[in-house]
Amino acid sequence: CEFVTTGIKFDVNKSIMKRESMGTINFVVKLMQDHPELKFSIEGHTDSDGDEASNLKLSEERARAVLDRLVSLGISKERLSSKGHGESKPMAGNDKPEGKAQNRRVEFVKI
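For the sequence shown, this note's numbering gives the first residue as 1256, with consecutive numbering after it.
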């Protein structure tokens, strides 16, 4: 079980989730409540705008923000881990806005 979401949104260069992210967050909470055996690595990704080191740090902070939100909604921290990949694993080209939007994502990887 692995899924990719671009439904978790952040302000530019920030790790604070936008309100519109809650639909996706609530889906994950429900999934984890319904399947108590599930454990996820929350992995953050960015587009290639900005410098690589900053993007790595930003992706780590965003993944951590998602983890913290799930914990605040009752998911056990022992079922979650987080890490950032920065711009190192693009899903699409960074030459068009649509590609950049696909690259700014959070992945939930079963562990």
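A virtual CB, placed ideally from N, CA and C, is assigned to each residue, including glycine.
Enclosing beta strand (DSSP E) for residue i [first to last residue]
i: Leu1335; result: Leu1335 to Gly1339
i: Val1259; result: Glu1257 to Thr1260
Exposure of residue i, with buried meaning 16 or more beta-carbon neighbours within 10 Å
i: Ser1327; result: exposed
i: Glu1275; result: exposed
i: Met1287; result: buried
i: Ile1297; result: buried
Backbone secondary structure at residue i - three-state DSSP
i: Gly1354; result: helix
i: Glu1316; result: helix
i: Asp1365; result: Sequence check: residue 1365 is Lys here, not Asp. Lys1365 falls in the strand class under three-state DSSP.
i: Arg1324; result: helix
i: Arg1274; result: helix
Close beta carbons around residue i, own chain, < 7 angstroms, minus the five adjacent residues each side
i: Arg1324; result: Met1272 and Ile1280
i: Gly1278; result: Gly1262
N-terminal and C-terminal residue of the alpha helix (DSSP H) that residue i is part of
i: Gly1299; result: Run containing Gly1299: none in the alpha helix (DSSP H); it sits in the beta strand (DSSP E), Phe1295 to His1300.
i: Lys1285; result: Met1277 to Asp1289
- Item | Inter-stretch contact (C-beta, 8 angstroms, three-pair minimum) for the segment 1263-1275 and the segment 1325-1338 | For the pair of segments examined, the segment 1263-1275 was found not to touch the segment 1325-1338: the number of CB pairs separated by less than 8 angstroms stays below three.
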